[in-house]
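Report on one structure; see the data block that follows.
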Amino acid sequence: MISKSKNLIALFATLFLLLLGIQAYFMYKTYQVKEREIYRDVHARLTNYTDRLEDLGGIKSRTDDTIQKILIRYLDKKISKKDFLEYFNKNRKENEKYLSDYVDASFKKEGYEIATKTEYISIIYTPDSTRLIDQPITLYETRNKVSNPKISNTGKWETTSKSTTNDDTPGRNDSFLLKSNTGFEILNIKTIIFKELALLTICCAAILASVLLLYIFTVKNLARQQKQVEVLHTVVDNISHEFKTPIATLKIASKTLKKGWNPETLPLIDRQIARLESLMIQLHKDEIPDEIVAVQPEDWDFFIQDLAFTYPKIDFKFENKVSEKLPFDKNLMETVIKNLCENSIKYGASFVKINTDTSTQNLNIEISDNGQGMESKELTNIFEKFYRIQSNNIHNSKGLGLGLYFVKKIITTYSGKIEVSSKPGAGSTFKITIPYEN
Numbered sequence: 010m011i012s013k014s015k016n017l018i019a020l021f022a023t024l025f026l027l028l029l030g031i032q033a034y035f036m037y038k039t040y041q042v043k044e045r046e047i048y049r050d051v052h053a054r055l056t057n058y059t060d061r062l063e064d065l066g067g068i069k070s071r072t073d074d075t076i077q078k079i080l081i082r083y084l085d086k087k088i089s090k091k092d093f094l095e096y097f098n099k100n101r102k103e104n105e106k107y108l109s110d111y112v113d114a115s116f117k118k119e120g121y122e123i124a125t126k127t128e129y130i131s132i133i134y135t136p137d138s139t140r141l142i143d144q145p146i147t148l149y150e151t152r153n154k155v156s157n158p159k160i161s162n163t164g165k166w167e168t169t170s171k172s173t174t175n176d177d178t179p180g181r182n183d184s185f186l187l188k189s190n191t192g193f194e195i196l197n198i199k200t201i202i203f204k205e206l207a208l209l210t211i212c213c214a215a216i217l218a219s220v221l222l223l224y225i226f227t228v229k230n231l232a233r234q235q236k237q238v239e240v241l242h243t244v245v246d247n248i249s250h251e252f253k254t255p256i257a258t259l260k261i262a263s264k265t266l267k268k269g270w271n272p273e274t275l276p277l278i279d280r281q282i283a284r285l286e287s288l289m290i291q292l293h294k295d296e297i298p299d300e301i302v303a304v305q306p307e308d309w310d311f312f313i314q315d316l317a318f319t320y321p322k323i324d325f326k327f328e329n330k331v332s333e334k335l336p337f338d339k340n341l342m343e344t345v346i347k348n349l350c351e352n353s354i355k356y357g358a359s360f361v362k363i364n365t366d367t368s369t370q371n372l373n374i375e376i377s378d379n380g381q382g383m384e385s386k387e388l389t390n391i392f393e394k395f396y397r398i399q400s401n402n403i404h405n406s407k408g409l410g411l412g413l414y415f416v417k418k419i420i421t422t423y424s425g426k427i428e429v430s431s432k433p434g435a436g437s438t439f440k441i442t443i444p445y446e447n
């Protein structure tokens, strides 16, 4: 299930990134469409007066003869290149405010910051194709400077004049071909578009966030349900494992009673019935108070007596030095003792030694056996759930691999520790230390 969950998470991440990419591409294309629409609108409105821009700039207001005379004088070298360029530069400066105000007023309602510039890119004296300029001359420019024109209009016209002499002889025909370029740029285009697309952007982000949150909620819900299932399985495994020992003991006690009367059998049966009742209580914790039955000094003897009764062929040697009631749950302590002893029996022990004592506010339990023992590499795994030692990939002993897992879990609950030492063929020793307070 974990591996499937990882695959589903990877699949969702891939699909979510794909959806994110599609949304980003959609927003980018929408941005481009809006940009083109705005520039088309600006271009259409500017085109209505681009033909008059030079009039507005003051060049043609001085009549074509003025331009013609300047060009002829520069052609005839009657004025220097510096004076020639200065004429246009002076004209640009004189009309910058007028042009800027005109453009700003035209798009004030939309809030567009327009930059525009018109240049003479070519001036040719047509009779002999002489080029009067080798680089563009700025005819006019707004206060906002053009850095990357998005719209450009190119214009071309010809001016012609004929000079006369004092003796009425034919004069010279002067003709000039002029080419101009007008560039426009909306300086705050990104801000304008982002404002117009703000609602769409918020909606897209909200949809993506909703999908992501819904997925996170679903995953958390599934994880919580999976954890509940695992807890349920653990409880069932625990109870089923715990039921095995008292049931087996009761069966043996029943057979003993059939053979003959034994005064020790009835107390044993009572203890096992009480243990079964305790296990049933664990399944219905919501129906009774959550109270523990503290372990008494004599309870340790009863644990071993029950084991000796259940496994009569095993030699149990028990030394109990506990002389006081301890704040540990009686059923949990019985589980620790019996699981460890039964684990020794399961793996070939015929002799099991159990020592219990208290020192410096610690309960000490030591259980050793003469069983088949374990290799050192197994010692780090024996407390794992469902782990069982294998020989040639075969489980040589019956069981689910839960006994030592529950022992470790109980000891950890009481903040205790357990140590194991073992060698193949030399048996095993488990040392448990659990702290407590009076």
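My numbering puts the first residue of the sequence shown at 10, with every later residue one more than the last.
Using N, Cα and C, we set each Cβ at its ideal position, and we do this for glycine too.
Everything numeric in this text was worked out from a predicted model, so none of it was measured.
Check: Reference residue 438; option with closest CA among 350, 312 and 97; Outcome: 350
Check: For residue 434: DSSP bridge partner residues; Outcome: Residue 434 is not bridged to any residue.
Check: Expected contact under 8 Å - CB spacing of residue 429 and residue 372 to nearest Å; Outcome: Wrong, their Cβ atoms sit about 18 Å apart, outside the cutoff.
Check: Start and end residues, beta strand (DSSP E) containing residue 128; Outcome: 123-134
Check: C-beta atoms of residue 276 and residue 303 nearer than 8 Å; Outcome: no
Check: Residue environment, residue 35, which counts as buried when at least 16 other CB atoms sit within 10 Å; Outcome: exposed
Check: C-beta atoms of residue 340 and residue 365 nearer than 8 Å; Outcome: no
Check: Neighbour-count burial assignment, residue 381, 16 or more Cβ in a 10 Å radius; Outcome: buried
Check: Delimiting residues of the beta strand (DSSP E) encompassing residue 367; Outcome: 360-368
Check: Residue 41, buried or exposed, once every other Cβ within 10 Å from all chains shown has been counted against 16; Outcome: exposed
Check: Contacting residues, own chain, Cβ-Cβ under 7 Å from residue 82 (five flanking each side not counted); Outcome: 88
Check: Nearest to residue 301 (by Cα), restricted to the options 139, 109 and 334; Outcome: 334
Check: Residues near residue 97 in its chain [Cβ-Cβ closer than 6 Å; skip 5 each side]; Outcome: 146
Check: First through last residue of the alpha helix (DSSP H) which encompasses residue 341; Outcome: 339-355
Check: Cβ neighbour criterion (16 or more within 10 Å) applied to residue 315; Outcome: buried
Check: Beta-carbon separation (whole angstroms), residue 184 vs residue 135, contact threshold 8 Å; Outcome: 4 Å
Check: Status (buried if at least 16 other CB within 10 Å, exposed otherwise) for residue 104; Outcome: buried
Check: Cβ neighbours of residue 261 in the same chain (closer than 7 Å, five flanking residues each side left out); Outcome: 318 and 319
Check: For residue 325, the three-state DSSP class (helix, strand or coil); Outcome: strand
Check: Minimum Cβ-Cβ distance from residue 18 to chain B less than 8 Å; Outcome: Absent from the structure: chain B. Only one protein chain is present.
Check: Beta-carbon proximity check, residue 415 vs residue 344, cutoff 8 Å; Outcome: yes
Check: Residue 170 in three-state terms, based on DSSP; Outcome: strand
Check: CA-to-CA distance, residue 236 to residue 352, given in whole angstroms; Outcome: 29 Å
Check: Which residues DSSP lists as bridging residue 255, in chain order; Outcome: For residue 255, which the question treats as bridged, DSSP gives no partner whatsoever.
Check: DSSP beta-bridge partners of residue 40; Outcome: Bridge partners of residue 40: none, in fact.
Check: Where residue 226 falls: helix, strand or coil (DSSP); Outcome: helix
Check: For residue 148, three-class secondary structure by DSSP; Outcome: strand
Check: First through last residue of the beta strand (DSSP E) which encompasses residue 372; Outcome: 371-378
Check: Proximity of residue 224 and residue 360 at Cβ, strictly below 8 Å; Outcome: no
Check: Inter-residue Cα distance where the pair is residue 238 and residue 355; Outcome: 30 Å
Check: Residue 94 versus residue 137: straight-line alpha-carbon distance, rounded; Outcome: 22 Å
Check: Residue 108, enclosing alpha helix (DSSP H) - first and last residue; Outcome: 90-115
Check: As assigned by DSSP and simplified to three states, the class of residue 195; Outcome: strand
Check: Span of the alpha helix (DSSP H), counted from its first residue to its last, around residue 415; Outcome: 412-422
Check: Through-space distance from residue 231 to residue 282, alpha-carbon basis; Outcome: 39 Å
Check: Short Cβ contact (8 Å threshold) for residue 197 with residue 111; Outcome: no
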